[in-house]
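I have placed the structure first, in the form of structure tokens, so that the comments after it can refer back to it.
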Amino acid sequence: MTIAAPERPAVKKQRKPTGLFIPELVFFEPDALNYPKGEQIMEWVKARNIPFRMTTSHNRITNLPGETEVEQYKIAKRTLVVGLRKTLAFDQSKPSADYAIPIATGCMGHCHYCYLQTTLGAKPYIRVYVNTGDILDAAKKYIDERAPEITTFEAACTSDPLGLEHITGSLSELITFMAAEPLGRLRFVTKYQHVDPLLKLNHNGHTRIRFSINADYVIKNFEPATSRFEERIEAAGKVARAGYPLGFIIAPIIWHDGWEEGYAELLSKLAETLPPDAGKGLTFEMIQHRFTKTAKAVIEKRYPKSKLEMDIEKRKKKWGRWGQNKYVYPDEQQTALREFITERIFEHFPEAGIDYFT
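The sequence shown begins at 8 in the numbering used here and counts up by one.
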């Protein structure tokens with residue numbers, strides 16, 4: 008008689024955590040090495056044997072490796088440039104905040120839809136600024152000028168600064184600075200999970216950390232080189248337990264087959280994973296997918312196999328802030344997206360607030 012051995016349950020293979028960004032090539036402006044942060048980054052680069060070069064300006068990086076434009080673009084996204092921020096007049100950052108505070112420009116992610124594809128044009132490499140003391144002095148002037156109103160600064164308009172924090176420490180500086188400013192507030196959004204350096208800081212509740220989230224279809228198809236949804240939500244739980252104000256940006260909201268199931272599942276997973284009291288004071292921002300003709304041309308060149316829908320005939324024309332027409336969804340689709348996702352948000356997070364839909 009043969010006795011069949013009991014079947015062993017299948018072991019779920021553990022996926023490796025999304026790693027920290029490590030550049031393959033670094034450029035330094037000579038003056039950057041006169042600042043402690045510049046020296047610190049140089050030591051970090053040398054300790055890892057990363058090739059580095061000197062450059063006269065962080066705005067003029069030429070002769071990047073790569074035989075084609077696409078190859079050069081991919082290499083540029085793995086290139087770090089360390090310099091000084093000379094322009095200390097801050098841009099407005101509506102509707103997210105009053106001003107954008109510039110600590111970095113460029114991102115290591117490869118999100119197909121990103122507006123940085125066109126705003127950074129031929130400069131997709133990642134720039135970090137070592138004169139954060141000057142940047143904070145400028146922020147202080149804005150705060151004092153607007154007193155007694157609260158002034159809010161967005162740190163992620165042109166980059167994902169959390170993805171660079173292990174190299175620069177600049178977010179920690181900003182958070183600590185704003186904690187001591189009664190009328191100063193900081194906000195930033197991220198697609199990365201590397202929040203540990205921020206958890207023990209004295210933030211005084213003056214920094215709101217937001218995570219960019221989306222339907223599974225969008226993250227899998229259009230957000231290469233970013234943290235997985237599960238990693239972002241785990242990090243959001245850490246942030247909530249550390250007492251930071253927490254928020255989520257659902258962006259870009261993309262109309263696709265099964266979008267209702269996708270966004271319903273997104274909010275359901277979020278509610279299941281977050282700590283029970285995270286819903287108090289939680290904020291949501293919703294941004295529908297949009298593009299310009301320039302962005303469409305650039306994206307199709309850089310990501311020729313992308314499934315991103317950019318059919319101008321299916322879109323509504325909207326005047327853009329920078330003088331170009333944007334193409335957004337027609338009113339009927341916009342309304343359906345906004346109402347459906349809003350209902351799901353309040354179903355799971357009745358105490359949350361929605362800052363805007365755009």
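Quick reminder that beta carbons are idealized off the backbone N, C-alpha and C, glycines included. Please read all numbers here as calculations on a predicted model, not as lab measurements.
Cβ pair count under 8 Å reaching 3, the segment 99-106 against the segment 78-87 = In short, these stretches do not touch, since the Cβ pair count stays below three.
Nearest-angstrom beta carbon gap, Tyr149 and Thr158 [assumed within contact, 8 Å] = Position 151 of the sequence shown, counted from the first residue, corresponds to residue 158. Position 142 of the sequence shown, counted from the first residue, corresponds to residue 149. Rounded, the Cβ-Cβ distance is 6 Å, consistent with contact.
Where Thr25 and Arg235 are concerned, what is the direct C-alpha to C-alpha distance, given to the nearest angstrom?
-> Residue 25 sits at position 18 when you count from the first residue of the sequence shown. Residue 235 sits at position 228 when you count from the first residue of the sequence shown. The straight-line gap separating the alpha-carbon atoms of Thr25 and Arg235 is approximately 8 Å.
Give the straight-line distance between the Cα atoms of Glu156 and Lys93, rounded to the nearest whole angstrom.
-> For the purposes of this step, residue 156 is identified with residue 149 of the sequence shown, where counting begins at 1. For the purposes of this step, residue 93 is identified with residue 86 of the sequence shown, where counting begins at 1. In this structure, the straight-line span from the alpha carbon of Glu156 to that of Lys93 is close to 27 Å.
At least three beta-carbon pairs within less than 8 Å, the segment 174-191 to the segment 137-148 | In short, these stretches touch, since the Cβ pair count reaches three.
Are the segment 281-291 and the segment 239-255 in contact at 8 Å, needing three or more beta carbon pairs?
-> Verdict: yes, contact present.
Residue range of the unbroken alpha helix (DSSP H) whose run includes Lys333 | The count along the sequence shown starts at 1 and reaches residue 333 at position 326. Where Lys333 is concerned, there is no enclosing alpha helix (DSSP H), although the beta strand (DSSP E) it sits in stretches over 332-335.
Would you decide whether Asn221 is buried or exposed? Buried here means 16 or more other CB atoms lie within 10 Å of its CB.
-> Residue numbering aside, residue 221 sits at position 214 when the sequence shown is read from its first letter. Looking at its Cβ environment, which holds 16 or more other Cβ atoms inside 10 Å, Asn221 is buried.
Taking all protein chains shown into account, decide if Arg55 is buried (16 or more other Cβ within 10 angstroms of its Cβ) or exposed.
-> Within the sequence shown, the letter at position 48 stands for residue 55. A residue is called buried once 16 or more other Cβ atoms fall within 10 Å of its Cβ, and Arg55, having fewer, is exposed.
Is the segment 206-215 in contact with the segment 261-270, if contact means three or more CB pairs nearer than 8 Å?
-> Taking a cut-off of 8 Å for Cβ pairs, the segment 206-215 and the segment 261-270 do not touch, as fewer than three such pairs fall below it.
Within 8 Å, strictly: CB atoms of Tyr136 and Pro109 | By 1-based counting over the sequence shown, the position of residue 136 is 129. By 1-based counting over the sequence shown, the position of residue 109 is 102. Yes. Within cutoff.
Can you grab the Cα-Cα spacing for the pair Leu208 / Leu127, in whole Å?
-> Numbered from its first residue, the sequence shown carries residue 208 at position 201. Numbered from its first residue, the sequence shown carries residue 127 at position 120. Approximately 32 Å, taken between the alpha carbons.
Among Tyr42, Ile68, Ala304, Thr197, which residue has its Cα nearest to the Cα of Leu91?
-> Mapped onto the sequence shown, residue 91 falls at position 84. Of Tyr42, Ile68, Ala304, Thr197, the residue nearest in Cα terms is Tyr42.
Beta-carbon contacts of Thr69 that lie in its chain and below 7 Å, excluding the five residues immediately before and after = Position 62 of the sequence shown holds residue 69. Answer for Thr69: no residue qualifies.
Opposite Thr112 in the DSSP bridges: which residues?
-> Numbered from 1 along the sequence shown, position 105 holds the residue referred to as residue 112. DSSP links Thr112 through a beta bridge to Arg134.
Can you list, in chain order, the residues of its chain whose CB lies under 8 Å from that of Glu358, leaving out five sequence neighbours each side?
-> Within the sequence shown, the letter at position 351 stands for residue 358. Only Gly286, Lys287, Gly288, Leu289 meet the Cβ criterion.
Where does Val305 fall in DSSP's three states?
-> As a position in the sequence shown, residue 305 is number 298, starting the count at 1. Of the three classes helix, strand and coil, the one that applies to Val305 here is helix, per DSSP.
Pull up the distance between the alpha-carbon of Thr112 and that of Lys198, whole angstroms please.
-> For the purposes of this step, residue 112 is taken as residue 105 along the sequence shown, with counting starting at 1. For the purposes of this step, residue 198 is taken as residue 191 along the sequence shown, with counting starting at 1. Pairing Thr112 with Lys198, the inter-Cα distance amounts to about 15 Å.
Cutoff 8 Å; reference Lys325; Cβ partners in own chain excluding five residues on either side = Along the sequence shown, one-based indexing puts residue 325 at 318. Correct list, in chain order: Arg297, Asn332, Lys333, Tyr334, Val335.
Tell me which same chain residues have a C-beta within less than 6 Å of the C-beta of Phe184, skipping the five on either side of it?
-> By one-based count along the sequence shown, residue 184 stands at place 177. Scanning its chain for C-beta atoms nearer than 6 Å, with the 5 sequence neighbours on each side dropped, one finds around Phe184 the residues Leu143, in chain order.
Using beta-carbon positions only, say whether Tyr3 and Phe347 come within less than 8 Å of one another.
-> Given a span of 8 to 365 for the chain in the structure shown, any question on residue 3 remains unanswerable.
Using 10 angstroms around the beta-carbon of Gln21, count the other beta-carbons present and answer buried if the total reaches 16, otherwise exposed.
-> Taking the sequence shown and counting its residues from 1, one reaches residue 21 at position 14. Under this definition Gln21 is an exposed residue.
Which whole runs of the alpha helix (DSSP H) in the segment 240-290 are 4 residues long or more, in chain order?
-> Residue ranges of uninterrupted alpha helix (DSSP H) with 4 or more members, entirely inside the segment 240-290 and ordered along the chain, are 266-280.
Just the C-alpha distance for Glu350 and Glu152, rounded to the nearest angstrom, thanks.
-> Residue mapping note: residue 350 aligns to position 343 of the sequence shown, counting from 1. Residue mapping note: residue 152 aligns to position 145 of the sequence shown, counting from 1. Approximately 40 Å, taken between the alpha carbons.
Do you know offhand how far Lys227's Cα is from Cys114's?
-> Looking up residue 227 in the sequence shown gives position 220. Looking up residue 114 in the sequence shown gives position 107. C-alpha of Lys227 to C-alpha of Cys114: approximately 18 Å in a straight line.
Compare the beta carbon distance of Ala258 and Gln200 with 8 Å and say whether it is the shorter of the two.
-> Taking the sequence shown and counting its residues from 1, one reaches residue 258 at position 251. Taking the sequence shown and counting its residues from 1, one reaches residue 200 at position 193. Contact flag unset, no.
Have a look at the DSSP bridge pairing and note the partners of Gly360.
-> The residue labelled residue 360 in the question sits at position 353 within the sequence shown. For Gly360, the beta-bridge partners assigned by DSSP are Thr290.
Could you spell out where the beta strand (DSSP E) holding Gly90 opens and where it closes?
-> For the purposes of this step, residue 90 is taken as residue 83 along the sequence shown, with counting starting at 1. Per DSSP, Gly90 is one residue of the beta strand (DSSP E) stretching across 86-90.
For the putative contact between Ile306 and His119, defined by C-beta atoms under 8 Å, what is the C-beta separation to the nearest angstrom?
-> Translated into positions along the sequence shown, residue 306 becomes position 299. Translated into positions along the sequence shown, residue 119 becomes position 112. Contact flag correct, Cβ pair sits at about 6 Å.
Put Ser177 into one of helix, strand or coil per three-state DSSP.
-> Against the sequence shown, residue 177 aligns to sequence position 170. Helix.
Ala302 to Tyr310 span [Cα, whole Å] | Translated into positions along the sequence shown, residue 302 becomes position 295. Translated into positions along the sequence shown, residue 310 becomes position 303. For Ala302 and Tyr310, the distance between alpha carbons rounds to 12 Å.
Between the C-alpha atoms of Thr63 and Leu169, what's the straight-line distance to the nearest angstrom?
-> In the sequence shown, counting from the first residue as 1, residue 63 sits at position 56. In the sequence shown, counting from the first residue as 1, residue 169 sits at position 162. Straight-line measurement puts the Cα of Leu169 at about 27 Å from the Cα of Thr63.
Mind checking Pro30: buried by the 16 CB within 10 Å criterion, or exposed?
-> For the purposes of this step, residue 30 is taken as residue 23 along the sequence shown, with counting starting at 1. Counting Cβ neighbours within 10 Å, Pro30 comes out buried, since at least 16 surround it.
DSSP-derived helix/strand/coil call for Phe28 | Looking up residue 28 in the sequence shown gives position 21. Phe28 carries a coil assignment under DSSP once its states are collapsed to helix, strand and coil.
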